[in-house]
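S.K.:
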Amino acid sequence: MGKFVKVLSGIILFFFMLSSYSFSFKVISHNLEYAFYKKNKLIWSFKIKDFIQKENGDFEGKGVYITNKEKGLKIWADRGFYKKKEDKFLLRKNVHLITSQYGEVYTEKLLFFPEKNLILTDKEVLIIKEGFRIKGKGLIYEIDTGNFRVKEKAKVKLKL
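Numbering-wise, the sequence shown is residues 242 to 401 according to our numbering.
Below, the structure written as structure tokens:
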């Protein structure tokens, strides 16, 4: 009987360990705030209302808000995804980008690469700055160089 209990407990332990490896790991949080510092200086911060992180480091969330005070940037969107391997944010639905130099940008999709300091979209954009409005398709914003341009079909409307 003692050998049977040992064998049975060994089998149960084996299946328990095997099944524990088949479950994926997730971190779920609400109203998460994160800040990235370099040399004790705040570089980027973001807030997410509903946050889910996967075991590979990717995450997604609702109510995403990203800021960089030094560069004068604020970005928010209804939904956001981060791909760790590509160091890329994909922001979707009601995306709003505020820049200190170029005004406010409205679109439905925005790609943001923090390490490259690059913001892109291939969707329709509306740019509003005091005195004018620009509608077009696509946007490239190289944050470090200040290169900011609408890719195509740009129409400017001046306000007097």
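All residues carry an ideal CB built from backbone N, CA and C; glycine is no exception. Remember, predicted model here, so these are calculated numbers, not experimental data.
Which of the three DSSP states is assigned to Ser-341 in this structure?
M.R.: In the structure shown, Ser-341 sits in coil (DSSP, three-state: anything other than H, G, I, E or B).
S.K.: Who are Gly-321's beta bridge partners in DSSP?
M.R.: BP columns for Gly-321 point to Gly-302 and Leu-332.
S.K.: Alpha carbon to alpha carbon, how far is Arg-320 from Gly-372?
M.R.: Approximately 30 Å between the Cα atoms of the pair.
S.K.: Taking the C-alpha atoms as reference points, what is the distance between Lys-329 and Gly-377?
M.R.: Computed Cα separation, rounded: 23 Å.
S.K.: What is the DSSP secondary structure of Ile-384, reduced to helix, strand or coil?
M.R.: Note: Ile-384 maps to coil in three-state DSSP.
S.K.: What three-state label does DSSP hand Asn-272 in the structure shown?
M.R.: DSSP places Asn-272 in strand when its eight states are reduced to three.
S.K.: Suppose you measure from the CA of Phe-287 to the CA of Leu-399; what does that come to, to the nearest Å?
M.R.: One C-alpha to the other measures close to 34 Å.
S.K.: Per DSSP, which residues does Asn-309 bridge with? Please list them.
M.R.: Bridge partners of Asn-309: Leu-314.
S.K.: With distances taken from CA atoms, which of Leu-283, Lys-312, Ile-316 and Glu-311 is nearest Ile-289?
M.R.: For Ile-289, the nearest C-alpha among the options comes from Ile-316.
S.K.: Beta carbon of Ile-410, beta carbon of Gly-387: below 8 Å?
M.R.: Any answer about residue 410 is impossible in this case: the structure gives the chain only from 242 up to 401.
S.K.: Since Lys-290 is in the beta strand (DSSP E), which residue starts that stretch and which ends it?
M.R.: Where Lys-290 is concerned, the enclosing beta strand (DSSP E) stretches over 282-295.
S.K.: Mark Val-397 as exposed unless 16 or more other C-beta atoms lie within 10 angstroms of its C-beta, in which case mark it buried.
M.R.: Result: exposed.
S.K.: Which residues in the same chain have their Cβ closer than 6 Å to the Cβ of Phe-277, if we skip the five residues on either side of it in sequence?
M.R.: Counting only Cβ-Cβ distances below 6 Å, and skipping sequence neighbours, we find Ile-284 and Trp-285.
S.K.: Rounded to a whole number of angstroms, what is the C-alpha to C-alpha distance between Glu-383 and Phe-389?
M.R.: So the alpha carbons of these two residues sit roughly 6 Å apart.
S.K.: Going by beta-carbon coordinates alone, are Arg-374 and Glu-349 separated by less than 8 Å?
M.R.: Going by C-beta atoms, Arg-374 is not nearer than 8 Å to Glu-349.
S.K.: Would Leu-352 pass as a contact of Leu-367 if the rule is Cβ separation under 8 Å?
M.R.: No; because the gap between Cβ atoms is not below 8 Å, this pair is not in contact.
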